[in-house]
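Asker: Note that my numbering has the sequence shown beginning at 135, numbered continuously upward.
Dropping a structure here in structure tokens format, bear with me for questions.
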Amino acid sequence: MKTANSNNTYLIASDFDQTLSFNDSGFVLSEMLGISGFEEKVAGLSKIHLVQQGAELAYLLRHDPEFRGVRREDLVAAGRRVRLKKNVELLAEVFGEGLADSRFPFYVISASPVDVVRSALAGIVPPDHIFGTELEFAANGEISAITRVPAGYGKVTVLQELEARLHVSPDHTIYIGDGSSDQHVMQHVNSRDGHTIAVSESKAIGRIAQRTVLSDNALSVVVPILEDILKWEAPRIRDLFASYGLAMQEWDKIRTDWLTFHEPELIAVQEPALVG
């Protein structure tokens, strides 16, 4: 049996919320349960830095009175309501089949509750390829403890575990994310010569990611992998998409420069009065 090696195997690790989906899992759960003010609660926690970025929902589930009644079945139901980006299933299929002579084992690392993510990706990504916040439930069904939260440096830990398990070298690791909770793991991947791809216009993540791809189609993240890693030319990339029935209507390759200027204040100078 041939084992994975650093020559032809690339570990693909992806965030979930707003990377493979359109909405935040916490927002979907709150809307389903009729809990208002979720975004304000998250903003408040972020402002005081009480928890790592991305772990706000985990904190609310354990400590906020409005979320204490959440049961496992609620998390599973919320996962079914999550709106995935187009062709997430096809993305998993492409990675599963491999590209050229390379293998791309595909994993999802999210700070969202693992029950939500596994429910949302049921039949698309195997449950053991999905890592999320792990919760313990009491006999009455309430959440009694949080055992693991893959947020911030927590994502780095999961990524290192996967590299060791799959025997993939750090320079063959590819991470895909969208926001501030992905900064630590992207910086880690970059520092070890891996590859990072952002799927949002966030300046915070855009400064770190090596490539940024904006599309409502999940399969779009394959483009920088084909270009930067497999060194495919544009016609070959277009042919690959066409083989899956997807014709590229637009492919705008632009570089975005974010500029801010400090304008000096204009000081009015009073002219001396004329003496007649």
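C-beta: ideal position from N, C-alpha, C; glycine also.
1) Could you check where the alpha helix (DSSP H) with Ile182 kicks off and where it finishes?
2) Looking only at DSSP bridge pairs, what is Val222 linked to?
3) Going by alpha carbons, who is nearest to Thr291 out of Leu179, His322 and Ser303?
4) Helix or strand or just coil, what does DSSP make of Tyr287?
5) If you run the structure through DSSP and keep just helix, strand and coil, what is Arg282?
6) With a cut-off of 7 Å, does the C-beta of Lys387 fall near any C-beta of chain D?
7) Going by beta-carbon coordinates alone, are Gly328 and Pro304 separated by less than 7 Å?
8) Applying the 10 Å Cβ sphere with the 16-neighbour rule, what's the burial state of Met320?
9) Arg206 by DSSP, collapsed to three states: which one?
10) Hey, Val228 and Val356 are a contact pair by Cβ (cut 8 Å); roughly how many whole angstroms apart?
11) Let's see if you can read the secondary structure: which residues bound the beta strand (DSSP E) around Val242?
12) Should the region 182-198 be called in touch with the region 153-168, which here means at least 3 C-beta pairs below 8 Å?
13) Could you tell me the boundaries of the beta strand (DSSP E) in which Phe122 lies?
Answerer: Taking the geometry as given:
1) It spans Phe172 to Ile182 - the alpha helix (DSSP H) in which Ile182 sits, taken as one unbroken run.
2) Partner(s): none; Val222 has no beta bridge.
3) His322
4) helix
5) Strand at Arg282.
6) This model lacks chain D altogether; it includes just one protein chain.
7) yes
8) Met320 is classed as buried because its beta carbon has at least 16 other beta carbons within 10 Å across all chains shown.
9) helix
10) Their Cβ separation, rounded to whole angstroms, is 6 Å, which keeps Val228 and Val356 in contact under 8 Å.
11) Phe240 to Pro247
12) yes
13) Residue 122 lies beyond the stretch modelled for the chain, which goes from 135 to 410, so this question has no answer here.
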